[in-house]
């Protein structure tokens, strides 16, 4: 791949509005608080948490990140192949194509048009253009969450989101640990996995049409099992109300980044390859298989 171009208007940040408010989420969490301490505690007949021993400690509404990337790799290339041209006239001893004479060979395999298969070999150049698409969602915290799980969010009309430029007034934005540069690298590697069999690559460029950072609301409720001095966390999805009994506390990952552009900071390896032009154009190392 020769260049990777990120269009100037490709980078946007969106935030989903909670469908479940704090009171509804709290009610759901309290119903599941006894399940916050793991399977062993849940099914331990002799010592399992009881309602009076489990108390709410703290809660948070946070916004967890995920990426959306829509890009195309376009390749122009030449492919040279030897092709057989069947000759159906048994009396021909050569053929002439564009002023060039080609010898005729005999083949022991039978033909549909004659008893003996007769052919000539031609060197053919294919002038090819291939477009490879990459369109996916990636969890911003590096978790193994499938792309289709995020895609479903955009099929529900009850889930509203808006574009934001300034995040100063939004609390508990979780900083993506899977960064912008990581998302670009993941995309690049996926595009390069598509092998181009060729004799000559003429152009090989990728264009990022969209790279959006979304934030979705998640409630976290911390409970303390006082008898055992154990802590458990219940998570409530702020969009669909789904409950996770294996929650985590992410308060320490709250982003101090408050502008859109700072989320799209280009890493050193990519920045070193930047060349002038509209948007961001990055020189890539040619790793194509020919």
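Residue numbers (this note's numbering): 831 to 1120. From the three backbone atoms N, C-alpha and C, an ideal C-beta is built for every residue, glycine too.
By a C-beta neighbour count over all protein chains shown, 10 Å radius and 16 as the cutoff for buried, is residue i buried or exposed?
i            : result
residue 1092 : exposed
residue 951  : exposed
residue 978  : exposed
residue 1052 : buried
residue 997  : buried
residue 1061 : exposed
CA-CA distance, residue i and residue j?
i            : j            : result
residue 882  : residue 1056 : 9 Å
residue 860  : residue 1075 : 12 Å
residue 934  : residue 1014 : 53 Å
residue 981  : residue 897  : 11 Å
residue 932  : residue 926  : 6 Å
residue 909  : residue 1011 : 34 Å
residue 905  : residue 1023 : 14 Å
residue 987  : residue 1070 : 12 Å
residue 936  : residue 953  : 18 Å
residue 855  : residue 999  : 22 Å
residue 956  : residue 1043 : 40 Å
residue 1090 : residue 1080 : 21 Å
Is residue i near residue j, with beta carbons less than 7 Å apart?
i            : j            : result
residue 972  : residue 895  : no
residue 1021 : residue 962  : yes
residue 802  : residue 1066 : For residue 802 there is no data in the structure shown, the boundaries of the chain being 831 and 1120.
residue 834  : residue 1036 : yes
residue 864  : residue 848  : no
residue 899  : residue 1017 : yes
residue 1073 : residue 893  : no
residue 1041 : residue 886  : no
residue 921  : residue 958  : no
Along the chain, where does the alpha helix (DSSP H) that runs through residue i open and close?
i            : result
residue 927  : No alpha helix (DSSP H) contains residue 927, which is instead part of the beta strand (DSSP E) from 924-927.
residue 918  : Unbroken run through residue 918: none, as it is neither H nor E.
residue 1014 : 1010-1022
residue 989  : Element bounds for residue 989: n/a, residue is neither H nor E.
residue 981  : 977-981
Which residues mark the beginning and the end of the beta strand (DSSP E) in which residue i is found?
i            : result
residue 856  : No beta strand (DSSP E) contains residue 856, which is instead part of the alpha helix (DSSP H) from 852-861.
residue 1091 : Premise fails: residue 1091 lies in the alpha helix (DSSP H), 1090-1093, not in any beta strand (DSSP E).
residue 834  : 833-836
Which whole-angstrom value describes the C-beta separation of residue i and residue j, a residue pair presumed to lie in contact below a C-beta threshold of 8 Å?
i           : j            : result
residue 891 : residue 1006 : About 18 Å; that fails the 8 Å criterion.
residue 850 : residue 1068 : 5 Å
residue 832 : residue 1034 : 5 Å
residue 845 : residue 1045 : 5 Å
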